[in-house]
Structures are given as structure tokens and as C-alpha cells.
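To convert a position in the sequence shown, counted from 1, into this note's numbering, add 9.
We put the CB at the ideal spot given by N, CA and C, even for glycine.
Notes to accompany the following structure.
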Amino acid sequence: MNYKRTEIPQENIKKQLDICEDIKTKNAGESRFALVDTFGCQQNEEDSEKIRGYLAAMGYEMTGDEFRADIIVLNTCAVREHAEMRVFGNLGALTHTKKEKPSQIIAVCGCMVQQEHITEKIKKSFRQVDLVFGPDELWRFPELIQTIMTEKKRVFAPGSGDGCVPEGVPHLRSDKVKAWLSIMNVCNNFCTYCIVPYTRFRERSRHPEDILAEARGLVAEGYKDITLLGQNVNSYGRDLDCGVSFAQLIRQVNDIEGDFVIRFMTSHPKDATEELFAAMRDCEKCEKHLHLPLQSGSDRILKAMNRHYDSEKYLSLVDKVREYIPDVVLTTDIIVGFPGETDEDFDETIKLVERAKYDAMFTFIYSKREGTPAATMPDPFTREEKQVHFDRLIETQNKISEVKHRDYIGKTVRVLLDGVDREDGFLTARTIGGRLVRVMGDESMTGSFVNVKITDCNTWALRGDIV
Ligand code: 5AD
Ligand code: SF4
Numbered sequence: 010m011n012y013k014r015t016e017i018p019q020e021n022i023k024k025q026l027d028i029c030e031d032i033k034t035k036n037a038g039e040s041r042f043a044l045v046d047t048f049g050c051q052q053n054e055e056d057s058e059k060i061r062g063y064l065a066a067m068g069y070e071m072t073g074d075e076f077r078a079d080i081i082v083l084n085t086c087a088v089r090e091h092a093e094m095r096v097f098g099n100l101g102a103l104t105h106t107k108k109e110k111p112s113q114i115i116a117v118c119g120c121m122v123q124q125e126h127i128t129e130k131i132k133k134s135f136r137q138v139d140l141v142f143g144p145d146e147l148w149r150f151p152e153l154i155q156t157i158m159t160e161k162k163r164v165f166a167p168g169s170g171d172g173c174v175p176e177g178v179p180h181l182r183s184d185k186v187k188a189w190l191s192i193m194n195v196c197n198n199f200c201t202y203c204i205v206p207y208t209r210f211r212e213r214s215r216h217p218e219d220i221l222a223e224a225r226g227l228v229a230e231g232y233k234d235i236t237l238l239g240q241n242v243n244s245y246g247r248d249l250d251c252g253v254s255f256a257q258l259i260r261q262v263n264d265i266e267g268d269f270v271i272r273f274m275t276s277h278p279k280d281a282t283e284e285l286f287a288a289m290r291d292c293e294k295c296e297k298h299l300h301l302p303l304q305s306g307s308d309r310i311l312k313a314m315n316r317h318y319d320s321e322k323y324l325s326l327v328d329k330v331r332e333y334i335p336d337v338v339l340t341t342d343i344i345v346g347f348p349g350e351t352d353e354d355f356d357e358t359i360k361l362v363e364r365a366k367y368d369a370m371f372t373f374i375y376s377k378r379e380g381t382p383a384a385t386m387p388d389p390f391t392r393e394e395k396q397v398h399f400d401r402l403i404e405t406q407n408k409i410s411e412v413k414h415r416d417y418i419g420k421t422v423r424v425l426l427d428g429v430d431r432e433d434g435f436l437t438a439r440t441i442g443g444r445l446v447r448v449m450g451d452e453s454m455t456g457s458f459v460n461v462k463i464t465d466c467n468t469w470a471l472r473g474d475i476v
């Protein structure tokens, strides 16, 4: 697949906003509702905020009730089969809502629909779906909705592969403290298990000045926690030749005046540099947290995964980042049960996990994705055998997390109060390293930085009191 980058002219986005205005005028005097349901990663959450931004501009109010909604959008993820099954389950259930409300428009978008066989399945077996559009078509969502409304026909726009870079699509953000800021789209790495490069085309970075303008706007609106998003942020800018690396981008965002935290994800180990660690150390607003997906501790499996590093290189990075920031919070992703992974391979993963001493870990059982190279590799082990490894890995990590969390007890740390746990009324907060702290306090305090003395912990969170 060739690299393609198509910057969408501003007048095209303006045209979409005019269509929103037209739809709003037609709907005037009537209450209209929309529901956007998101599966998968933060990148998808951010895309959903854009879809909601357009829907709000069309005059729709957001609802959680699928029977009330005039428009329903399912923003899907293709990374694991489980998420795909859930989408099909939800789509099946929507036959009932459409029966009760025949005018309801049902749309499906996101990574899943960029696989031809999925779009075909939706076309044939899910007749209640009116619209399918790929991530590259999101910028013209209003036009697609208008076509359905005026021409009363189903619309399928899974994506042209044009590598679109739209600027100026409005967001309706779901949070008042934390904001996602997408700095690039897609990834060029072709890890052999991963469907992402096959669904979202080639890596595309946004121009630094557009990112900085958005960051400034977020700070001015009062956001306190900005997460720079990309599948592989460390390769930011390489496709642009703009002379700004990811580390430099962090420094530039850090220069924006105001009290806020800069977070980022995800970093591929093959592209993590000392330049990044130095920026993390020097920038007082940048989180002291590195999410560095390992995937496997076995060199044989890492090779089969096409990860471009081995366990030695990975561990040298871990040592290096700790040289720069001794108390850095380190987290990772690990896939258990990659095709052909033996007990010996898995033991290597456990060994590395014990040596790296992560603060937290996201663990996944390998999910076969049609169209990826790993899908054709022999996979002789059963789900039950993989589950045994999976449980052992979690047990190993839980012990490490607990020890690391216990180290916080008695210490006073600065946190950002970022929300409320509706179940028990505790305020949620994050340290500069991104660890979750639960504190008693008044909801009106969310959005402020406070010092908290840590009093207790479990494997996944700290408990503290405001001092
Ligand atoms: N099966 C299981 N986990 C996967 N991931 C990506 N593709 C797969 C797959 N086919 C995991 C990786 C990645 C995280 C976002 O999802 O660990 O880092
Ligand atoms: Fe997928 Fe690998 Fe790219 Fe991550 S780095 S999105 S796992 S191909």
C-alpha cells in the first residue's frame, strides 16, 4: 500500500458545517436525540467526540436510550474478535428499536468496517443499518446523513484509502477535565498479529501548528489533562518532514502557559529515544509515565510478531528511562498465546516482567485476525492452555503492582482531581505518573490539583486524604 496523504481543504469542512446548519433548521421546533456508542481505544473515543460534535451542530441532543435516539452510531474496533462480536450483538438488538421507530438512522463506523467482509456482512445480514463509513470518511459524516435523509437509501462509504487529514471538525467532548488530542493517525509497523495497519491505511501526522492551536484552545477552555494520542507517537512527524519530533512537540505543548498535565500514548519500543526521556524529565507538565508495550518477553516470539526489538534492547530502554526519571511509572501491554508460543517462551515473558517491574499491565489473549500474517501461522495450543498462562501472568503482575503501590503509603503526592466514582462517591485523581488515587472530597473540587497523603492501596489503585 502506498503512502497517501490528502489534506481536506477548509471549504470542504465548512460545507459540512453548512449541511449541519440545514439539518438543524429542518429539525427546528422538534427535540431530536442521538446516541454514539464507542468500542476500542482512545483514538476511537476521540473520533466519537467528533461525530458528536457534528451531531450537536445538527441540533441533536445526546441520549443513552437507544429507543429514544433518532440517530445511532456504533464506532467499532477491529483489534480483537471479542469487540467485533459485541458490535454484531448490539446491531442485532437494534432491529427492535428500529421496529418501534422506523425513522431511526443506524450508522456503523470505525476500524471494523474497513474490512470488506464485514461491510458485506452488514449489507446482507443487517438490513436495519442505513450507513457505513470508514475513519477516513468521518469528516463528511453530515453529507452522508443528509443523503440518507433526502434520498431515503442506504449509504456505504467504507473508505477510499486517501489518507485524509481533516482539520476543524468540531468536538463535543465528554469530559470537562480530561481531553484527548489526536496528533496522528494509523501506524506503519505491521506487527503480524495486528489488524490496525490493514484497516486505517498509512501513518499520517497532523501539522504541529494545528496540534498546538488545539492544545492552546483546550487550556483556554480549562482542560487540565491533555493526552496526546497516536498508535505510535514516537514516530510523530516522520511523514511530514516538518522538523518537529515527538519530543520537541512535548516541549512545545509544555511551553503553553497554564497549570495542566500532558499525557501521551502509545510508544513503540523500537522508536523510543533518549530525546523523549529527556523531554519527559525536563518538562514539568509532562507525565512521568511511559506506556511501553512489550507484547512478549521471548525473542523468538518478538521476531515472529515483527516487533523490531529483542528482550535485551527492551530492557536497556527500561534501564535508560529510569536513569533519566528514577521513579517513572512504567506500564505495558502483553499478548498471551501468540501462535506457537510455548511454555519456554512464556517463561521468558514472566522473567522479563519480574525484571522490568511494571506498575501496571494490560494483558490480552491472542485473537486471530483474518488478513494478518499471524492468522496463517500454526497455532497448536488450546484456549485453555493459553488461559493458564494468562492467569499466571496476571498473578505475577498483581504481586509486583501491590509492592509498588505499598511504597506510596505515607508519601504525599500531587494529584489532579479528575472525576467522581458514581458508585461510592469517592473522587478519582491521577498522579503525575498516571496512577489512580481515590480520595474523599467535594465534587466541586474536580479539575483542581491538590496534595494527597497516601494511606492505603490495592493492586489497581491508591487511597489517600487531601492535606
Ligand atoms: N490479539 C490480542 N491482542 C492484540 N493487540 C493488538 N492486536 C491483538 C490481537 N490480534 C493488543 C496489543 C496492543 C493492544 C492495543 O492490543 O497488546 O498493544
Ligand atoms: Fe498494531 Fe503494532 Fe501498530 Fe500497535 S504498533 S497499532 S500493535 S501494528
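Cβ-Cβ separation, residue j to residue i (assumed contact under 8 Å), whole Å
i	j	result
ALA43	ILE80	4 Å
ARG41	TYR63	Between TYR63 and ARG41 the Cβ distance is about 13 Å, and since that is not below 8 Å, they are no contact.
GLN304	MET289	Not really, about 22 Å apart at Cβ, beyond 8 Å.
THR236	ARG213	THR236 to ARG213, Cβ: 19 Å. No contact.
TYR232	PHE286	At roughly 26 Å, the Cβ-Cβ gap does not stay under 8 Å, so TYR232 and PHE286 are not in contact.
ILE22	TRP148	6 Å
Euclidean distance between Cα positions of residue i and residue j
i	j	result
PHE390	SER320	23 Å
GLU93	GLY143	15 Å
GLY306	ALA65	46 Å
VAL228	GLY428	18 Å
VAL424	ARG14	40 Å
LYS161	LEU181	27 Å
LEU26	ILE114	19 Å
GLN124	PRO179	27 Å
LEU83	CYS173	21 Å
ARG215	LYS133	37 Å
ASP451	ARG472	16 Å
VAL422	PRO302	26 Å
ILE204	CYS295	30 Å
ASP465	GLY73	35 Å
GLU393	ASP400	11 Å
THR104	ILE131	13 Å
MET10	ASN197	Caution applies to MET10, whose pLDDT of 47 falls short of 50 and renders its modelled position unreliable; the value that the coordinates give is listed next. Cα to Cα, the separation comes out at about 10 Å.
GLU411	GLY98	37 Å
8 Å Cβ shell around residue i - same chain, five flanking residues per side excluded
i	result
PRO19	The displayed chain sequence assigns Gln, not Pro, to residue 19. Here the set comprises GLU176, GLY177.
ILE32	MET67, GLY68, PRO151, ILE154, GLN155, MET158
ARG95	PHE48
ASP416	none
GLU283	LYS329, TYR333
ILE17	TRP148, CYS173, VAL174, PRO175, GLU176
ASP234	VAL186, LYS187, ALA188, PHE269, VAL270, ARG272, LEU425, ASP427, ARG439
Residues that DSSP places opposite residue i in a beta bridge
i	result
THR340	HIS300, ALA369
TYR69	ARG41
ILE157	Beta-bridge pairing links ILE157 to no other residue.
GLU16	VAL174
ASN194	ARG213
PHE458	LEU425
MET274	LEU238
GLY119	THR85
LYS187	ASP234
ASP465	ARG472
ILE374	VAL345
CYS295	ILE271
ASP46	LEU83
LEU436	VAL429, VAL448
LEU140	ALA116, VAL164
Contacting residues, own chain, Cβ-Cβ under 6 Å from residue i (five flanking each side not counted)
i	result
PHE355	HIS398
LYS420	ILE463
ILE127	MET121
LEU100	PHE135
CYS118	ASN84, PHE142
LYS377	ALA384
Neighbourhood of residue i by C-beta, 7 Å cutoff - its chain only, sequence neighbours within 5 removed
i	result
VAL338	LYS297, HIS298, ASP368, GLY442, GLY443, ARG444
PHE199	PRO206, ASN315
PRO387	PRO348, GLY349
LYS360	GLY306
THR106	GLU75, PHE76, GLN113
ILE310	PHE347, GLU350, ASP354
HIS317	LYS279
ARG364	LEU324
ARG61	VAL45, MET71, LEU181
Min CB distance residue i to chain D below 9 Å
i	result
GLU379	Among the protein chains of the structure shown there is no chain D, as only one such chain exists.
Stretch pair the region 271-290 + the region 322-337: three plus CB contacts closer than 8 Å: yes
Three CB pairs or more closer than 8 Å across the region 430-449 and the region 403-412: Verdict: no, contact absent.
Taking three-plus beta-carbon pairs below 8 Å as touching, is the region 372-381 in contact with the region 337-349? yes
Counting pairs of beta carbons, one from the region 131-142 and one from the region 163-172, are three or more of them closer than 8 Å? The region 131-142, when compared against the region 163-172, does touch it at the 8 Å Cβ threshold.
Take every Cβ of the region 187-202, pair it with every Cβ of the region 454-469, and state whether three or more of those distances are shorter than 8 Å. no
Does the count of Cβ pairs from the region 249-268 and the region 211-227 closer than 8 Å reach three? yes
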